[in-house]
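Quick look at the structure:
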């Protein structure tokens, strides 16, 4: 875990947990980083069919993004403030 520890909205915690558990179930070592506007979960992209689609669906539902690199890494960013809610 990298970054300051402070409470997150419950929905962000749930989405981050779903991303992390999906990747960890495949043996991926993750980095979870707290950034100024949300949470970033990153690690090596698993070479398992359908996983990227599943991760993208979770990221999309959270209003976040999924990106991959040429070096085989995956990065999911989840916003702390959800675009569909006003608080």
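Residue numbers (the working numbering): 12 to 98. Beta carbons are placed, not taken as given, at the ideal position from N, Cα and C, and that holds for glycine.
The C-beta of residue 32 has fewer than 16 other C-beta atoms within 10 Å across all chains shown, which makes the residue exposed.
Here DSSP, grouped into helix, strand and coil, assigns residue 91 to coil. CA-to-CA, the gap between residue 42 and residue 50 works out to about 10 Å.
Sixteen is the threshold: when 16 or more other Cβ atoms of the shown chains lie within 10 Å of the Cβ of residue 53, as they do, the residue is buried.
Rounded to whole angstroms, residue 66 and residue 13 show a C-alpha spacing of 21 Å.
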